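Take the position in the sequence shown, starting the count at 1, then add 1466; the result is the number in this note's numbering. Scroll down for the structure; my scribbles are underneath it.
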Amino acid sequence: MKVGFDIKSLKLGLLPVVAAGLLLLGALVLAWSGWQVFSGNRLQAATGEARHEVAEKLNPLMQTLLDRSGSLKGRVALINAIKAGDPDAARAVVTKAVPGTQAVEIYRTDFAAGYADPAAFGYGKLGLLERALQDGKETLAVVKDAGSPRLGVAVPVVDEGQVLRVVYLRHSLDEVLAAAKDVAP
1467 MKVGFDIKSL KLGLLPVVAA GLLLLGALVL AWSGWQVFSG NRLQAATGEA
1517 RHEVAEKLNP LMQTLLDRSG SLKGRVALIN AIKAGDPDAA RAVVTKAVPG
1567 TQAVEIYRTD FAAGYADPAA FGYGKLGLLE RALQDGKETL AVVKDAGSPR
1617 LGVAVPVVDE GQVLRVVYLR HSLDEVLAAA KDVAP
């Protein structure tokens, strides 16, 4: 008994049909791959446009917040309140200068309270304070504070070239979220 495949037994009329079917299948695979690439590129372009739109909306908000916060850096009333050891007066100066501030905290430059328990204090908040101190200017970031993400601003208060304290301001993310709402493609 002979087992095998005999090419002569194939009907030549079937060969073009099989070849056409394979070519059609290959064309469908290529078309599907092309459609996926096209859709991915279109989504990437739409995402880039949405990101740009959100940045356009947020830039004036963030710049205003940074400008107001930056005005605290050498504010005489704030410096006098810090030197006098009056945290309530210092907080009043800050909340008056930067409307919408939910909380004001004033820290020594060694950040002993933060390094005592960084997990409870907040790693992001501690990093923000350190960056503001290192850069010597107001710094803004989204940090986890009071149990949820918040907009944090840290400002070094400088008197006669020496940093007295670093002021931390906590703001809500509502304006940021409103600017980004329903923008995703």
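Note that beta-carbon positions come from the ideal geometry of N, C-alpha and C, so glycine has one too. In this text, all values refer to a predicted model and were calculated from it rather than measured experimentally.
So, for residue i: in the same chain, excluding its five sequence neighbours on each side, which residues have a beta-carbon less than 7 Å away from its beta-carbon?
| i | result |
| --- | --- |
| L1594 | T1605, A1607, V1609, G1618, A1620 |
| V1642 | L1524, L1617 |
Please determine, among the options, the residue with the shortest C-alpha to C-alpha distance to residue i.
| i | options | result |
| --- | --- | --- |
| G1540 | G1627, Q1510, L1489, A1646 | G1627 |
| T1575 | G1500, P1651, V1633 | V1633 |
| R1534 | A1563, A1585, L1527, G1588 | A1563 |
| A1612 | G1588, L1630, A1598, F1577 | G1588 |
| V1570 | T1561, V1629, K1647 | T1561 |
| Q1600 | N1546, P1584, V1629, A1579 | V1629 |
| I1548 | R1631, D1648, A1578 | R1631 |
| L1531 | P1565, L1494, S1499, W1498 | P1565 |
Tell me which residues share the same chain as residue i and place their Cβ nearer than 8 Å to its Cβ, disregarding the 5 neighbours each side in the sequence.
| i | result |
| --- | --- |
| R1616 | Q1568, V1608, V1609, K1610, R1636, H1637, S1638, L1639 |
| V1520 | A1645, A1646, V1649 |
Just to confirm, are residue i and residue j a CB contact at a threshold of 8 Å?
| i | j | result |
| --- | --- | --- |
| K1523 | A1645 | yes |
| A1598 | P1622 | yes |
| A1558 | I1572 | no |
| G1424 | K1591 | The structure shown does not extend to residue 1424, since the chain spans only 1467 to 1651, so no value can be given for it. |
Can you tell me which residues form a DSSP beta bridge with residue i?
| i | result |
| --- | --- |
| E1571 | Y1634 |
| T1605 | A1620 |
| V1629 | V1624 |
| P1615 | K1610 |
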